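Participant: My questions will all concern the structure given below.
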Amino acid sequence: MKIQQMAFLLVGITIFFALVGVIYFSITISHARTSAQSAQNEEAILLARKLAGSPEFAFTSSSDCATCIDMDKIIQISDLSGYEELWNMDHVFVTRISPQYSNEKCTRANYPNCDKIILANRSTNLATKTAFVTLAGWDGIINSYRYELGRIEVSSKQI
Amino acid sequence: MKNKRGFEFGFAWIFAIFIGAIVIFLAVYASTSIIGIKRYEEEAATGAKIGSLLNPISTNLEQAKLTTIYVQDETIIFNECESDSMFGEQLLSTSVRTSIGQPWSKYPGPKSTFRDRYLFSNKTIHGKKEFYILSLPFEFPFKISDVVIMWSDTVKYCFINPTSDFKREIERLKLTNVEIKGNINDCSLESKKVYFGGHAPSNYDIAINNEEVIYKLDSGDISVKYVHSSDNNNKFPLLYAAIFSDPETYECQVKRLMGRAKALVTLYEEKFDYLKGSCLPGATSLALENYKIGASNYDDSNYLLNIATLAQEIEDYNDPLKCRLF
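Heads up: the sequence lines are chains A and B, in that order. Residues 1 to 159 (my numbering) are what the first sequence spells out, left to right. Residues 1001 to 1326 (my numbering) are what the second sequence spells out, left to right.
Here it is as structure tokens:
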């Protein structure tokens, strides 16, 4: 009879540890998910800075602004396919802050009289990271480059 | 006399042994699973960390950079390259040595995928404590990307008679585990011997002559080609890439770079069309078109020298422009 009681006790202990294990794993997995999301957010901030320096964004036509974004180049990317995959991003917006022309989305037809270039926009409910940048582009009227204040918003793919 | 007080092996005992066996089995199973999960987690974290580390190492300011990654346990990094799609894929995974259970896991950790990074190394890089990462911008003639080269503390390289400008650059960068010698016999026995110039002695591992890199392998010699970068301050990214990679990885990554070059030249063609009206009246984009055709036809590094001629044409065309394309 005592052995039977012991056996039931062992079963009870096993179930107890199994439950503890399930709780431990659910906490660990949730923590891992949070860490992964936080790592992705950190990477998004780094990417915002890195994007500004990538060959597709960087202003290399003149040597006077190494950290500027070339608006004349990125407006062309907005019509080309495959770049969302290249940077692994769900959301990439480049917006001119000052001076403002119009709030509408830039296309090749209305550029440069517009303010927002959308390079990737797959989901609307994302926490985006922002970095302020200088935007550069050729101005045919003044026959020189113009430099303006802007910002780049990015968010990486959701897990 | 017969002992009548014998041991009774009844249901209660059988039941207790059965339950005990289940409990022990579950305990052993749970602990091995936990160890496995923890190892997988560590490998995934290391793989992602290395991938992320390739990011800030990128050279926005057009300078070469040498960085060391320190690992807690002996680690193997698996570098896989796919060049089939538009930008190809860089896949990274790791395996970490542990003291519990099997020292190396049967399968590496999960793969991290990158499309905008180009890691040149052997397919497997085994490091005890340190991995070295050299990042160099590659311009051809516009900047294509940063070339990232990786080796570890388990491999030593001996460069014999490098050209004077290459030697200056190696000394400036202070590459770890790389020594320069004038004679191949002065190299340490275990080092990988990289011989510069013609008539290489028979005990070389890699020979470099006339923009060609020859690997001495068990299966026979294999050669690849390299070109100089258009950036005069960093002329040798592809030479470093070829030395520190196996030929298959080198060919795959250069093919991916040429895919990126093709995408970039398409972008510059579009920019040219936009600027034509306001800044480039009467200009033609023939040089860009030729380069694009050259990059589209790229198959292996033997094509590099042809594209280098087209790259020079674009550079000559672009430099005098008031509104330069790049």
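In this text, a Cβ means the ideal position worked out from N, Cα and C, and glycines have one as well. Every value quoted in this text rests on a predicted model; they were computed, and no experiment measured them.
(1) For Glu-56 of chain A, does the count of other Cβ atoms within 10 angstroms reach 16, so buried, or fall short, so exposed?
(2) Could you give the distance in angstroms between the alpha-carbon of Asn-88 of chain A and the alpha-carbon of Ser-1085 of chain B?
(3) Take the Cβ of Ser-1278 of chain B as the centre, count every other Cβ of all protein chains shown within 10 Å, and call the residue buried at 16 or more, exposed below.
(4) For Tyr-147 of chain A, which option in A:Glu-153, A:Val-154, A:Asp-139 has the closest C-alpha, if you only look at C-alpha atoms?
(5) Taking C-beta pairs closer than 9 Å, name the residues in chain A that Ile-1144 of chain B reaches, listed in chain order.
(6) Can you name the residues of chain E whose CB is closer than 7 Å to the CB of Val-1023 of chain B?
(7) Can you tell me whether Ile-1019 of chain B is buried or exposed? The criterion is at least 16 other CB atoms within 10 Å of its CB, across all chains shown.
(8) Answer with buried or exposed for Phe-1326 of chain B, where buried requires no fewer than 16 other C-beta atoms within 10 angstroms of its C-beta.
(9) Would you say Gly-150 of chain A lies against chain B (beta-carbon separation less than 7 Å)?
(10) Determine the extent of the alpha helix (DSSP H) in which Gln-1312 of chain B is found, giving its start and end residues.
(11) Label Glu-1270 of chain B either buried or exposed according to how many other C-beta atoms from any shown protein chain fall within 10 Å of its C-beta, with 16 as the threshold for buried.
(12) Measure from the C-beta of Thr-60 of chain A to each C-beta in chain B and report whether the shortest distance is under 7 Å.
(13) State the start and end residues of the unbroken beta strand (DSSP E) segment that holds Phe-1151 of chain B.
(14) Which residues, in order along the region 83-110 of chain A, keep a beta-carbon less than 9 Å from a beta-carbon of chain B?
(15) Go to Lys-1189 of chain B, then tell me how far its alpha helix (DSSP H) extends in each direction, as first and last residue.
(16) Show which residues of chain A have a CB atom less than 8 Å away from the CB atom of Leu-1275 of chain B.
(17) Are any of the Cβ atoms in chain A nearer than 7 Å to that of Thr-1309 of chain B?
(18) How far does the alpha helix (DSSP H) with Ala-1207 of chain B in it extend, from its first residue to its last?
(19) Anything in chain B within Cβ reach of Ala-48 of chain A, meaning under 8 Å, just list it in chain order.
(20) Per the contact definition of three or more C-beta pairs closer than 8 Å, is the region 1299-1310 of chain B in contact with the region 1235-1255 of chain B?
(21) Relative to the C-alpha of Arg-1039 of chain B, which candidate in B:Glu-1074, B:Ile-1069, B:Leu-1275 has its C-alpha closest?
(22) Note down, in chain order, each residue of its chain lying with its Cβ closer than 6 Å to the Cβ of Val-133 of chain A, except the 5 sequence neighbours on either side.
(23) For Asp-1231 of chain B, name the three-state secondary structure that DSSP assigns.
(24) Can you pull the chain B neighbours of Ile-3 of chain A, defined as C-beta to C-beta under 8 Å?
(25) In terms of DSSP beta bridges, what is Arg-146 of chain A paired with?
(26) Grouping DSSP H, G and I as helix and E and B as strand, with all else coil, what is Asp-90 of chain A?
Facilitator: According to the structure shown:
(1) For this step, residue 56 of chain A is matched to residue 56 along the first sequence. Buried.
(2) The residue given as residue 88 of chain A occupies position 88 in the first sequence. The residue given as residue 1085 of chain B occupies position 85 in the second sequence. So the alpha carbons of these two residues sit roughly 15 Å apart.
(3) Counted from its first residue, the second sequence places residue 1278 of chain B at position 278. An exposed status is given to Ser-1278 of chain B, since fewer than 16 other beta-carbon atoms sit within 10 Å of its beta-carbon.
(4) Here the question's residue 147 of chain A lines up with position 147 in the first sequence. When only C-alpha atoms are compared, the closest one is A:Asp-139.
(5) In the second sequence, residue 1144 of chain B corresponds to position 144, counting from 1. Within 9 Å Cβ-Cβ: Pro-55.
(6) Absent from the structure: chain E. Protein chains present are A and B.
(7) Stepping through the second sequence from its first residue, residue 1019 of chain B is reached at position 19. Looking at its Cβ environment, which holds 16 or more other Cβ atoms inside 10 Å, Ile-1019 of chain B is buried.
(8) Within the second sequence, residue 1326 of chain B is the residue found at index 326, counting from 1. Buried, because 16 or more other Cβ atoms sit within 10 Å of the Cβ of Phe-1326 of chain B.
(9) Reading the first sequence from its first residue, position 150 is the one you call residue 150 of chain A. Chain B contact via Cβ: absent.
(10) Against the second sequence, residue 1312 of chain B aligns to sequence position 312. Element bounds for Gln-1312 of chain B: 1304-1318.
(11) Locating residue 1270 of chain B in the second sequence gives position 270, counting from the first residue. Around the beta carbon of Glu-1270 of chain B, 16 or more other beta carbons lie within 10 angstroms, which makes this residue buried.
(12) Residue 60 of chain A sits at position 60 when you count from the first residue of the first sequence. With 7 Å as the cut-off, Thr-60 of chain A counts as an interface residue toward chain B.
(13) On the second sequence, position 151 is the one that residue 1151 of chain B refers to. In the sequence as displayed, the identity of residue 1151 of chain B is Trp instead of Phe. Membership of Trp-1151 of chain B in the beta strand (DSSP E) is indicated by the continuous run 1143-1152.
(14) So the list reads Tyr-83, Glu-85, Leu-86, Trp-87, Asn-88, Arg-108, given in the order they occur along the chain.
(15) Here residue 1189 of chain B refers to the residue found at position 189 of the second sequence. Note that residue 1189 of chain B is Leu in the sequence shown here, rather than Lys. No alpha helix (DSSP H) holds Leu-1189 of chain B; DSSP gives it neither H nor E.
(16) By one-based count along the second sequence, residue 1275 of chain B stands at place 275. Within chain A, the residues whose beta carbon sits less than 8 Å from that of Leu-1275 of chain B are Asp-72, Trp-138, listed in sequence order.
(17) Locating residue 1309 of chain B in the second sequence gives position 309, where the first residue counts as 1. Taking Cβ atoms only, chain A never reaches closer than 7 Å to Thr-1309 of chain B, which makes this a no.
(18) Counting from one through the second sequence, the residue named residue 1207 of chain B turns up at place 207. From DSSP, Ala-1207 of chain B is part of no alpha helix (DSSP H) but of the beta strand (DSSP E) over 1206-1209.
(19) As a working note, residue 48 of chain A is residue 48 in the first sequence. Ordered by position in chain B, no residue passes the 8 Å Cβ test against Ala-48 of chain A, which lies about 11 Å from the chain.
(20) Contact between the region 1235-1255 of chain B and the region 1299-1310 of chain B is present: three or more C-beta pairs spanning the two stretches fall below 8 Å.
(21) One-based indexing of the second sequence puts residue 1039 of chain B at position 39. Closest by alpha carbon: B:Glu-1074.
(22) The residue labelled residue 133 of chain A in the question sits at position 133 within the first sequence. Ala-52, Ile-69, Gly-150, Ile-152, listed in sequence order.
(23) The sequence position of residue 1231 of chain B within the second sequence is 231, counting from 1. Look at Asp-1231 of chain B here: in three-state DSSP terms it is coil, with no helix or strand label.
(24) On the first sequence, residue 3 of chain A is found 3 positions in, with the first residue counted as 1. Neighbours of Ile-3 of chain A in chain B, taken as residues at a C-beta separation under 8 Å, are given in chain order as Ala-1012, Trp-1013, Phe-1015, Ala-1016.
(25) Here residue 146 of chain A refers to the residue found at position 146 when the first sequence is read from its first residue. BP columns for Arg-146 of chain A point to A:Gly-137.
(26) Locating residue 90 of chain A in the first sequence gives position 90, where the first residue counts as 1. Asp-90 of chain A falls in the strand class under three-state DSSP.
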